[in-house]
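Engineer: Numbering (UniProt numbering), first residue to last: 1 to 962. Just so it is clear, CB atoms sit at the ideal spot from N, CA and C, and this is done for glycine as well.
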């Protein structure tokens, strides 16, 4: 009897969902894809191609526009070329399937429209597709004409050609976004008509206010360039067999939870290589799951999270969290929490934690921290969690366990023959039994055989030689996976190129992968990079994702284990990689204001996960003699976090490590304390900042490093000014810093002048001798400005300009003429002071932006908005306040957001928009309340904000009475 087989129908069902096809001529073409019970065909690949061609020929008859029939003819030629090359090119069948899917989708939509109803823009898209198909047909045709020998030597370049074709076809599919976007094209005129109708209604819109209110809500932010809910996985589901029952069972649990539960917590467990990730992908992409969770599905790769800190950072980055309070867990929970108490408004969300065994298997203290993070996530309403974990037991609590079993023989055979269609049948069943029908083992064995043409009997002999005889499913699965990986790592192909193992170990040390553009410069010169990389690709031991080469977690763990890799290679490679990280961080060690800082910041950010993992690995052994270079590199990484996304986990670790080096060089202790103080200051944890600055100062004095001690003194003044300013004591500290810098240090003199001006300006805010304080402030700040301009110190000059702006603006607010102590000239009029304040504010804001330190850019924008408001330029003031709000939100600073909202409310109040002023100022008060540190600046601003709120409430009441 002849049959096509259910798995084949499922493969096509992915592209052609039969239950959605219309009852039309087009459905006739689609029915050709349904398997007939009593028909047998020569091979699955031939059937797929023939059926696709027949379907397109029938579809062509339903297309009303002759111009659109030509792409169908071209598509048929492309499919024919794919059929002739599929035995030589690995992904030719994917080109065939994508081409068929694209043309059938477009054809179905066009068949429902008359020729007059099809827009011109859609016809232009058809022309673009026609050009694409012509190019693909030509390239595949050229490959078909090559001789068999030339095809063998050019196979790699041809595979790259196929990859480019797939990318272009995927781009077309993404552009159309299948049925939904096509519907938008055909009904565009109807939507535009509805918009015109809405415009005729008497509705007063305030788009800027609505945008402000929208941005100030505690929502889950999704940048335009990255949508967390959009999955981007490797195309492994094409080889997904034997899991239909498990998928159905898990989908039911997620979409129809027992007792109407709002949450489900499921752990997919099993040995390594059993297919946990593939099953999680299939469940996440199931239509019922998509319908329930829609775009609120988030996939987090935990394989590189080899510490609690990295686990939190991975969650933070993957979920695109914006908040930056320094407490990473709090930032994540705060943005994921429902924006209101009304649970009906909270969407159902699904979080998938893949390879969760990496953070879950950490040592006791780290494990407790990961467990705390997991429990915090579980407390979020309507958030279901699905984890994949290499274990047989789920986390304690409400978790359900789904243990993944091995594949059935038919499914494992299909995986093997899909990867290596030319495989011989003799000995295949015995080989699959020895492999335990484990998906990873079957996949690696088939990929290995495809590279050298090994028969199943030869592979079975190699497997038995590795000691896998007699292993059974269960406790021996890990040994089988190890043997499978060794089958590739210790293969003749690898032994022929000894450099391949060195390259594999090198790549495995980078958990986030190595960019291809850096590989040549980073790899030891003794390694033949091109030949070694070619060998690794042929052995399927590495993957190239976009422009990054990655070693999968299972292989990475195996390779880095000292039992599987010669210690000499492992140790030498680790030493090289650590030296590399130290030299790279030293090379890119620049500060805000330096001309190379923006590029350096971008580079370190791109490799931060790799650097942190490699450097922390060098510190794991408490008895290890840690190199000072490693400590210096870690400190550079901490300063990078200060200037980008401040958090405390790494700097605390570095401070602890510095004590290990104290007996050799106490300088490390002082440097780490100074960085810790700056981190606390940026996070407005002022008490801790003052404590650490003080300790760092004392350590530098002990070391005789008076310049660094002087800088800590000035930073101590800055922290005190925000927490509890005392004029005489702060001025005395500045004088102490002058003595510590000594004579002849121009930069130190300029800094001390600037801080003197800041202290006098701060004192003027308290009232009293306002005249003298502001005069002293201006005098000192102007002298500092000249020195910084002469030195070319851009960052410090921006600070100086900012405080000159504040001082001139304070003159206007006090409405008194001022006299400079160093001259007999009277200070300019109020209007001129406003003009100078505006100029200084604009210059400071632009210079801060060039320096690449966003926090101070927000300060400059707030000052600029305040000045514009005083000049009566309310629209411009509100626009600048919005820019400040965006800046602070991007930085994730609650205190900055509060100040920006406060500023927006002030502009609304001055402009007479009392309702808007009341609403926005209320949000500002809430944001101030979120800042958990009580200090002078916070209390002062909160008092002003409360006064502003009371004024808006009073004015609104008076307007209502009128």
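Just the C-alpha distance for residue 1011 and residue 501, rounded to the nearest angstrom, thanks.
Structural biologist: For residue 1011 there is no data in the structure shown, the boundaries of the chain being 1 and 962.
Engineer: Is residue 354 helix, strand or coil by DSSP?
Structural biologist: As a working mapping, residue 354 is identified with position 354 in the chain shown. Three-state result, residue 354: strand.
Engineer: What I want to know is whether the C-beta of residue 298 ends up closer than 6 Å to one or more non-hydrogen atoms of the ligand ZN.
Structural biologist: Ligands are entirely absent from the displayed structure, and the ligand ZN is therefore not among its contents.
Engineer: In whole angstroms, what separates the C-alpha of residue 447 from that of residue 851?
Structural biologist: Counting from one through the chain shown, the residue named residue 447 turns up at place 447. Counting from one through the chain shown, the residue named residue 851 turns up at place 851. Approximately 50 Å, taken between the alpha carbons.
Engineer: Given that a residue counts as buried once 16 or more other Cβ atoms are within 10 Å of its Cβ, and exposed if not, what is residue 779?
Structural biologist: Position 779 of the chain shown, counting from 1, holds the residue named residue 779. Buried is the call here.
Engineer: Mapping DSSP to helix, strand and coil, what is residue 958?
Structural biologist: Reading the chain shown from its first residue, position 958 is the one you call residue 958. Reduced to three states, the DSSP call for residue 958 is helix.
Engineer: Rounded to the nearest angstrom, how far is the Cβ of residue 530 from that of residue 504, given a contact under 8 Å?
Structural biologist: Along the chain shown, read from residue 1 onward, the residue named residue 530 stands at position 530. Along the chain shown, read from residue 1 onward, the residue named residue 504 stands at position 504. Not really, about 15 Å apart at Cβ, beyond 8 Å.
Engineer: Less than 8 Å between the CB atoms is what I'm expecting for residue 712 and residue 697, so what's the real figure, rounded?
Structural biologist: Taking the first residue of the chain shown as 1, we reach residue 712 at position 712. Taking the first residue of the chain shown as 1, we reach residue 697 at position 697. Rounded, the Cβ-Cβ distance is 4 Å, consistent with contact.
Engineer: Return the Cβ separation of residue 761 and residue 719 in integer angstroms, given the expectation that the two are a contact with Cβ distance under 8 Å.
Structural biologist: In the chain shown, residue 761 corresponds to position 761, counting from 1. In the chain shown, residue 719 corresponds to position 719, counting from 1. Not confirmed; about 16 Å, so no contact.
Engineer: Reducing DSSP to helix, strand and coil, say where residue 821 ends up.
Structural biologist: For this step, residue 821 is matched to residue 821 along the chain shown. At residue 821 the pLDDT is 47, less than 50, meaning the model places this residue with poor confidence; the figure from the coordinates comes in the next sentence. Reduced to three states, the DSSP call for residue 821 is coil.
Engineer: Give me whichever residues DSSP pairs with residue 401 in a beta bridge.
Structural biologist: Counted from its first residue, the chain shown places residue 401 at position 401. BP columns for residue 401 point to 267.
Engineer: I'd like the list of long-range same chain contacts for residue 945, defined as Cβ closer than 7 Å, with 5 residues on each side in sequence excluded.
Structural biologist: The count along the chain shown starts at 1 and reaches residue 945 at position 945. Closer than 7 Å at Cβ, skipping near neighbours: 902, 921, 924, 925, 928.
Engineer: Which same chain residues end up closer than 7 Å to residue 917 when comparing Cβ atoms and leaving out the 5 residues on each side of it in sequence?
Structural biologist: Sequence index remark: in the chain shown, residue 917 carries index 917 (1-based). So the list reads 905, 908, 909, 952, once near-sequence residues are dropped.
Engineer: Can you tell me whether residue 521 is buried or exposed, with buried defined as 16 or more other CB within 10 angstroms of its CB?
Structural biologist: Residue mapping note: residue 521 aligns to position 521 of the chain shown, counting from 1. It is exposed - the Cβ of residue 521 has fewer than 16 other Cβ atoms within 10 Å.
Engineer: Once the 5 residues before and after residue 460 are set aside, which same chain residues still bring their CB inside 7 Å of it?
Structural biologist: By one-based count along the chain shown, residue 460 stands at place 460. Closer than 7 Å at the Cβ level, and outside the excluded window around residue 460, lie 427, 430, 431, 434.
Engineer: What residues in its chain sit with their C-beta under 7 Å from that of residue 451, if we drop five residues either side in the sequence?
Structural biologist: Your numbering for residue 451 matches position 451 in the chain shown. For residue 451, where only same-chain residues beyond five positions count, the Cβ hits under 7 Å are 493, 538, 539.
Engineer: Evaluate the contact criterion for the stretch 726-737 versus the stretch 686-693: three or more CB pairs, one atom per stretch, below 8 Å.
Structural biologist: Contact fails: fewer than three Cβ-Cβ distances are below 8 Å.
Engineer: Whole angstroms are fine: how far does the CA of residue 862 sit from the CA of residue 766?
Structural biologist: For the purposes of this step, residue 766 is identified with residue 766 of the chain shown, where counting begins at 1. For the purposes of this step, residue 862 is identified with residue 862 of the chain shown, where counting begins at 1. So the two alpha carbons sit approximately 21 Å from each other.
Engineer: Can you name, in chain order, every residue of its own chain whose Cβ lies under 6 Å from the Cβ of residue 693, other than the five neighbours on each side?
Structural biologist: Counting from one through the chain shown, the residue named residue 693 turns up at place 693. Excluding positions up to five away in sequence, the list reads 677, 712, 715, 716.
Engineer: Just verifying my parser: in three-state terms, what is the DSSP assignment at residue 641?
Structural biologist: The residue given as residue 641 occupies position 641 in the chain shown. Here residue 641 sits in helix by DSSP.
Engineer: If I measure Cβ to Cβ from residue 382 and keep anything under 8 Å in the same chain, skipping five residues before and after, which residues do I get?
Structural biologist: On the chain shown, position 382 is the one that residue 382 refers to. For residue 382, where only same-chain residues beyond five positions count, the Cβ hits under 8 Å are 262, 263, 338, 343, 346, 347, 348, 349.
Engineer: What's the call for residue 526, buried or exposed, on a 16-neighbour Cβ count within 10 Å?
Structural biologist: Start at 1 with the first residue of the chain shown, and residue 526 comes out as number 526. Answer is exposed; the Cβ neighbour count stays below 16.
Engineer: For residue 77, which option in 84, 127, 95, 137 has the closest C-alpha, if you only look at C-alpha atoms?
Structural biologist: Here residue 77 refers to the residue found at position 77 of the chain shown. Minimum Cα distance to residue 77 is reached at 137.
Engineer: Looking at the secondary structure, which residues open and close the beta strand (DSSP E) in which residue 325 lies?
Structural biologist: The residue labelled residue 325 in the question sits at position 325 within the chain shown. Note, residue 325: premise wrong, no beta strand (DSSP E); not H, not E.
Engineer: When the Cα atoms are used, what is the spatial distance from residue 701 to residue 709?
Structural biologist: Taking the chain shown and counting its residues from 1, one reaches residue 701 at position 701. Taking the chain shown and counting its residues from 1, one reaches residue 709 at position 709. Those two C-alpha atoms are separated by around 6 Å.
Engineer: I'd like to know whether the C-beta of residue 896 is nearer than 7 Å to at least one C-beta of chain C.
Structural biologist: The chain inventory of the structure shown lacks chain C, comprising one protein chain alone.
Engineer: List the residues that DSSP assigns as beta-bridge partners of residue 444.
Structural biologist: Position 444 of the chain shown holds residue 444. DSSP output for residue 444 lists no bridge partner at all.
Engineer: Within the chosen definition, does the stretch 272-284 reach the stretch 372-390 through at least 3 CB pairs nearer than 8 Å?
Structural biologist: With the cut-off at 8 Å, the stretch 272-284 and the stretch 372-390 touch.
Engineer: Taking all protein chains shown into account, do 16 or more other C-beta atoms lie within 10 angstroms of the C-beta of residue 810, making it buried, or fewer, making it exposed?
Structural biologist: On the chain shown, position 810 is the one that residue 810 refers to. Residue 810 is buried by the Cβ-count criterion.
Engineer: My understanding is that residue 444 touches residue 508, with C-beta atoms under 8 Å, so please give their C-beta distance in whole angstroms.
Structural biologist: Residue numbering aside, residue 444 sits at position 444 when the chain shown is read from its first letter. Residue numbering aside, residue 508 sits at position 508 when the chain shown is read from its first letter. Their Cβ separation, rounded to whole angstroms, is 16 Å, which puts residue 444 and residue 508 out of contact at 8 Å.
Engineer: In angstroms with no decimal places, state the Cα-to-Cα distance between residue 707 and residue 741.
Structural biologist: The residue you call residue 707 lines up with position 707 of the chain shown. The residue you call residue 741 lines up with position 741 of the chain shown. Those two C-alpha atoms are separated by around 5 Å.
Engineer: Inspect the beta-carbon positions of residue 900 and residue 884 and report whether they are closer than 7 Å.
Structural biologist: Here residue 900 refers to the residue found at position 900 of the chain shown. Here residue 884 refers to the residue found at position 884 of the chain shown. In this structure, residue 884 lies closer than 7 Å to residue 900 by Cβ.
Engineer: Provide the residue span of the alpha helix (DSSP H) that contains residue 365, from first to last.
Structural biologist: Mapped onto the chain shown, residue 365 falls at position 365. From DSSP, the alpha helix (DSSP H) with residue 365 extends over 364-378.
Engineer: Tell me the rounded alpha-carbon separation between residue 630 and residue 672.
Structural biologist: Residue numbering aside, residue 630 sits at position 630 when the chain shown is read from its first letter. Residue numbering aside, residue 672 sits at position 672 when the chain shown is read from its first letter. When rounded, the distance between both Cα atoms is 13 Å.
Engineer: Could you check whether residue 846 and residue 812 sit closer than 7 Å to each other, using their CB atoms as the reference points?
Structural biologist: Along the chain shown, one-based indexing puts residue 812 at 812. Along the chain shown, one-based indexing puts residue 846 at 846. In this structure, residue 846 does not lie closer than 7 Å to residue 812 by Cβ.
Engineer: Using the DSSP secondary-structure output, state which residues sit across from residue 384 in a beta bridge.
Structural biologist: Position 384 of the chain shown holds residue 384. Residue 384 is bridged to 350.
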